[in-house]
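Residues 122 to 196 (the numbering used here) are what the sequence shown spells out, left to right.
Note that beta-carbon positions come from the ideal geometry of N, C-alpha and C, so glycine has one too.
Nothing here was measured: the structure is a model prediction, and the numbers come from that model.
Structure first, then comments.
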Amino acid sequence: MKLPAYTLIDEQIKAIVLDKLRKRGCWGGRYIALGSLVRWLSRRVKRDGRRVRAAVRQLVNEGYLILIKGAKPFR
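If you want it as structure tokens, here you go:
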């Protein structure tokens, strides 16, 4: 069952981010462009990519994701 965009909470957004990375095989020493991830998920989440970026930032702070220094910073 697909949830409407307005019912997703932050924990669900984090789960979707991690699940998307798992399905793409981007685990360990792999790279995926953050902009592509945010763009894909912003179609499913209300308020565009702001909530997705905030969820990614929280996952980085919790140690689940590692950003590389060459990556573009968040806006």
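As assigned by DSSP and simplified to three states, the class of residue 161: helix
From 148, 130, 174, 182, residue whose alpha carbon lies closest to that of residue 157: 174
Three-state class that DSSP yields for residue 176 in the structure shown: helix
For residue 187, the three-state DSSP class (helix, strand or coil): coil
Whole-angstrom distance between residue 154 and residue 185, CA atom to CA atom: 16 Å
Three-state secondary structure (DSSP) of residue 149: coil
Rounded straight-line distance, which links the Cα of residue 141 to that of residue 151: 13 Å
Exposure label - residue 177; buried when at least 16 CB within 10 Å: buried
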